[in-house]
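Take a look at the structure set out below.
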């Protein structure tokens, strides 16, 4: 795991959640700063939703500790488990959870039922938050008359109207169509930044995580694989899983030949004899097995013979797909196939011999 942690507003310290012999969450630790937007990202079954439910108080943890603003809310060693309703967290679910028999205003008012507010103050809060989410004109409309995107805005308004300490999101956009989902990502990010709400978000959608987050936590098998900014996660994946899960990566088995400064030279299993210079992630020493990882956009294609100082893999074009904005080439290299992005102006015929020129600063040797 990479990514240094400092003391935060929400502290998750080595939490575990066991279901019999199965460890759904195993030693997960991270901190969430006040006003930060942090996302738990991973495939189904990785432990992200269980972690979120434990933080919300819907699950009792088997070990570790969860604290908010320095106060423990879950600490099984000391028999502490604060119920969800006392944690002052707001939550937005995958299902809109909108009450069908209530108006928009009544749905939002439900989030205030535990607060002792005057009617005037309550109405003022409701109008203010509905204006923030663009639904002020729908105040008295039945909630079921709204579109899916509007219902999700109602759910968001209900979660933030009572000014929670932390706002939790459990796959909130997964039921929306692609275009609406894209628009709502930007809307969520704008609203979170405007209000400064401390937010913890769960999704399996890597693009969603990259758009909305200040930092991303990639999870797999109940463990944290990497913590970092979206650009760090994308450009410097900590291991093969992260490189494969985030975006598209070419992954080739290789062996380290030697080190030279901050770079290493590797030889791939599919093309013995060709030395590739690349950066390193993790402890990598001469003779060790690694994964050579590079993104399709971090390599270029050439039909010209390679010069001695070029960082290249030789092969032939085995496929080409027009992606609209660019061409996606498949290049057969020995028994493997890699992808390389190229401008639409670069047209190379099938079966043409080519060299794949790798950017040595953006190609990585990942420790096995």
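In the UniProt record's numbering, the protein residues as written are 1 to 368. Backbone N, C-alpha and C define an ideal beta-carbon position, used for all residues, glycine too.
Query                                                                                                                                                              : Result
To the nearest angstrom, report how far apart residue 384 and residue 53 are at their CA atoms.                                                                    : Outside the shown range of the chain (1 to 368) lies residue 384, about which nothing can therefore be said.
Quick one: residues in its chain with C-beta nearer than 7 Å to the C-beta of residue 292, no 5 flanking neighbours on either side, listed in chain order?         : 252, 254, 266, 268, 276, 278, 363 and 365
Of the residues 102, 206 and 122, which one's Cα is nearest the Cα of residue 171?                                                                                 : 206
If you draw a straight line from the alpha carbon of residue 285 to that of residue 246, how long is it in whole angstroms?                                        : 26 Å
Restricting to Cα atoms, I'd like to know which of 355, 299, 216 and 123 is closest to residue 343.                                                                : 299
Beta carbon of residue 60, beta carbon of residue 76: below 9 Å?                                                                                                   : yes
For the beta strand (DSSP E) holding residue 22, just list the boundary residues, first then last.                                                                 : 22-32
Rounded to the nearest angstrom, what separates residue 138 and residue 122 at their Cα positions?                                                                 : 17 Å
Inspect the beta-carbon positions of residue 30 and residue 8 and report whether they are closer than 9 Å.                                                         : yes
Buried or exposed for residue 135, please, with buried defined as at least 16 other CB atoms from any protein chain shown within 10 angstroms of its CB.           : buried
State the beta-bridge partners of residue 219 as determined by DSSP.                                                                                               : 224
Quick one: measure Cβ to Cβ for residue 183 and residue 39, integer angstroms, because I've assumed they're closer than 8 Å.                                       : The Cβ separation is near 18 Å, so there is no contact.
Report the CB separation of residue 260 from residue 241 in whole angstroms; it is logged as a contact under 8 Å.                                                  : So it is not a contact: roughly 28 Å between Cβ atoms.
Should residue 213 go down as buried or exposed, given a rule of 16 or more other Cβ atoms within 10 Å for buried?                                                 : buried
Are three or more beta carbon pairs between the segment 79-92 and the segment 155-174 nearer than 8 Å?                                                             : yes
Going by beta carbon distance, what residues of the same chain come within less than 6 Å of residue 173, once the five residues before and after it are set aside? : 181 and 184
For a test of the three-state rule: what should DSSP assign to residue 48, helix, strand or coil?                                                                  : helix
Tell whether a beta-carbon distance below 9 Å holds between residue 354 and residue 314.                                                                           : yes
Which of the three DSSP states, helix, strand or coil, is assigned to residue 144?                                                                                 : helix
In whole angstroms, what is the alpha-carbon distance linking residue 161 and residue 197?                                                                         : 11 Å
Do the CB positions of residue 201 and residue 158 come within less than 9 Å of each other?                                                                        : no
I believe residue 97 touches residue 155 by the beta-carbon criterion, under 8 Å. Please report the beta-carbon distance rounded to the nearest angstrom.          : 6 Å
Between the beta-carbon of residue 256 and the beta-carbon of residue 301, is there less than 9 Å?                                                                 : no
The alpha helix (DSSP H) with residue 91 in it runs from where to where?                                                                                           : Residue 91 -> not in any alpha helix (DSSP H); beta strand (DSSP E) instead, spanning 89-92.
Among 221, 124, 217 and 152, whose alpha-carbon lies nearest the alpha-carbon of residue 234?                                                                      : 217
Tell me which same chain residues have a C-beta within less than 6 Å of the C-beta of residue 153, skipping the five on either side of it?                         : 133 and 135
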